[in-house]
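Report on the structure given below.
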Amino acid sequence: MRKLGITFLCAFGMMFCKQGELTDGIVTELPIAHQSEGNLSLSQADIENKKPSVVDKSKVHLRSGDAVKPSGMDKKVKDERVQGKKDESRLEVDVDERLQVPRKTAREVCAEFEARVTKYKSKLVNERNQFDPRYYSLSIPFKKISPIFTAPEQQADIYAALGSDVAVIVSLERILNNLDLKEPVLYTYGDTKVAAHLFNLLLNISDYTRKLVNTHLSSTNLERIKTSKSVEDIIAINAFLEKFMQERDRVVKIIQDQITSLSLKDKGDMLDGLKKTIGLKSGSDREIQRASYSIIGMVARIAYLVK
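In terms of the numbering used here, the sequence shown has 371 at position 250, counting the first letter as 1, and numbering is strictly consecutive.
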């Protein structure tokens, strides 16, 4: 009986141990299962809390409505694109504006050029005719300066370079009569040389102006220009002619001012000032000399264009 009791107790103990093992297994496995779920939960949280990459970060910011700050290179590229679009727009506007301006035909350009030449020739003739020395009591010593200045044509050219202005011509007379003009004529020395140099500068203005309108822009040359020159060439010649007209008016005004101013000085200052303005004395502005040379230069440029 005691053996049976001991056997029962042993069997019961073994069953209890087995149940404990099973129970322990279940207990140990349940936390493992729970821990696995927890690991899954933590992994998901880690994924959600993980810092995104550069690409993902930009996507997150865009989704959240935050503005992405461009890098320096991106900003430069963007600025260049914006500027390019502006330039394209401006170019389109410029093209549209050019298209809206009607271009002149070759006939219109030639007609405008011929009209300007004719008008300028008439202006020069009228200026020349508005002064007739026979109606004035002048005593300009042309003969004392040089025989070449005694011809009426030469004298008319000198007057024309003064704008055919009576007051200025009288001022020139006052200057010349204050110079020591020796006889017989020695126009390469002393005051005579100064007067001769002044006359030559004045003659250059009239000579080259006449050469321009009577030779380079003669009727024959105008016909040749119309048939042999392009529209662009004629426009350029026309523009240069207009500039020449303006330059000649400026030159005449310079000479008038210089002559008028010098005539009011005493003899010594008058001669000294005259030498300076015609370029016979260093360290001066050479106003009349430069004015005369500017006419020569402009006529040479127009002659080059029309040949």
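Even for Gly, the Cβ is constructed at its ideal location relative to N, Cα and C.
All figures in this text were calculated on a predicted structure; none of them were measured in a lab.
Asked: PHE365 in three-state terms, based on DSSP; Found: helix
Asked: ILE376 vs ALA317 beta-carbon contact at 8 Å; Found: no
Asked: Which listed residue (THR226, ILE416, ALA227) has its alpha carbon closest to that of ASP453; Found: What is shown of the chain runs 122 to 428, which leaves residue 453 out entirely.
Asked: Per-residue DSSP class, three states only, for GLY284; Found: coil
Asked: Range covered by the alpha helix (DSSP H) that runs through PHE270; Found: Here PHE270 belongs to no alpha helix (DSSP H), and DSSP marks it neither H nor E.
Asked: Extent of the continuous alpha helix (DSSP H) to which THR348 belongs; Found: 340-349
Asked: Three-way DSSP call (helix, strand, coil) for PRO262 in this model; Found: coil
Asked: LEU395 versus THR226, LEU293, MET366, LYS303, residue with shortest Cα-Cα distance; Found: LEU293
Asked: Other residues of its chain near SER405: CB distance less than 6 Å, five sequence neighbours each side excluded; Found: LYS397
Asked: Cβ neighbour criterion (16 or more within 10 Å) applied to THR330; Found: buried
Asked: Range of the contiguous alpha helix (DSSP H) that encloses PHE67; Found: This structure does not reach residue 67, given that the chain is present from 122 up to 428, and the question cannot be answered.
Asked: Pairwise C-alpha distance: LEU392 and LYS386; Found: 9 Å
Asked: Among ILE290, ASP301, ARG249, ILE279, nearest to TYR257 - alpha-carbon criterion; Found: ILE290
Asked: Helix, strand or coil at ARG411 according to DSSP, with G and I counted as helix; Found: helix
Asked: Euclidean distance between Cα positions of LYS350 and GLU235; Found: 14 Å
Asked: Candidates GLU368, LEU338, ASP390, GLU248: closest to SER285 by CA position; Found: GLU248
Asked: ARG224 in three-state terms, based on DSSP; Found: coil
Asked: Nearest-angstrom Cβ-Cβ length linking VAL334 and LEU245, presumed shorter than 8 Å; Found: 7 Å
Asked: Reduced DSSP secondary structure (H/G/I, E/B, other) of LYS93; Found: Past the edges of the chain, shown from 122 to 428, lies residue 93, and the structure says nothing about it.
Asked: Which listed residue (ILE409, LYS374, THR348, GLU408) has its alpha carbon closest to that of CYS231; Found: THR348
Asked: Three-way DSSP call (helix, strand, coil) for GLU158 in this model; Found: Bear in mind that the predicted position of GLU158 carries a pLDDT of just 39, short of 50, making it too unreliable to give a figure here.
Asked: Cα-Cα separation, LEU362 to ASP354; Found: 12 Å
Asked: Best match in ILE269, LEU300, LEU323 for proximity to THR108 [C-alpha to C-alpha]; Found: Residue 108 lies beyond the stretch modelled for the chain, which goes from 122 to 428, so this question has no answer here.
Asked: Supposed contact pair SER384 and ARG295 - C-beta distance, whole angstroms, cut 8 Å; Found: 5 Å
Asked: LEU426 versus HIS337, GLU368, TYR414, residue with shortest Cα-Cα distance; Found: HIS337
Asked: Status (buried if at least 16 other CB within 10 Å, exposed otherwise) for TYR280; Found: buried
Asked: Proximity of LEU259 and ILE380 at Cβ, strictly below 8 Å; Found: no
Asked: Alpha carbon of VAL420 to alpha carbon of PHE365, nearest angstrom; Found: 8 Å
Asked: Reduced DSSP category for SER405 - H, G, I as helix; E, B as strand; rest coil; Found: coil
Asked: LYS332, DSSP secondary structure in three states; Found: helix
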